[in-house]
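Scroll down for the structure; my scribbles are underneath it.
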Amino acid sequence: REIEEEVDLQATWTERCVGLINDDESPVGQVHLGIVHLFELSSPQLTPREKSMIQAGFNSPELLLDQLDQFETWSQICLKALFAD
70 REIEEEVDLQ
80 ATWTERCVGL
90 INDDESPVGQ
100 VHLGIVHLFE
110 LSSPQLTPRE
120 KSMIQAGFNS
130 PELLLDQLDQ
140 FETWSQICLK
150 ALFAD
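Letter by letter, the sequence shown follows residues 70 to 154 of my numbering.
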């Protein structure tokens, strides 16, 4: 549901559930459980639906990890778990 609210995926894709986030260190995290899905797209064809994502794009995991402090907590947790050494 969440992915459909955020972006319009125009490429073919596959997805798999890769984990859960239980973050009791923030008020939001204390009352929510995150379900993490990994999407693989056949090409980088998507249109953001949210105004805050208009300048969204694709970057390498290394670049994202270098800019980790610019992401929300759950995004930081995902990036570290999936791509950090």
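Idealized CB from N, CA, C, for every residue including glycine.
| Item | Value |
| --- | --- |
| Sheet register partners of P117 (DSSP bridge) | V76 |
| Identified DSSP bridge partners for C86 | H106 |
| Reduced DSSP category for A150 - H, G, I as helix; E, B as strand; rest coil | helix |
| For L151 and T131, the rounded distance between their alpha carbons | It should be noted that the sequence gives Glu, not Thr, for residue 131. Whole-angstrom Cα-Cα distance: 11 angstroms. |
| C-beta neighbour in chain D for E109, strict 8 angstroms | Although the question refers to chain D, the structure presented lacks it and comprises just one protein chain. |
| Reduced DSSP category for E94 - H, G, I as helix; E, B as strand; rest coil | coil |
| Assigned secondary structure, T81 (DSSP; H/G/I helix, E/B strand, else coil) | coil |
| Outcome for C86 when other beta-carbon atoms lying within 10 angstroms are tallied against a minimum of 16 | exposed |
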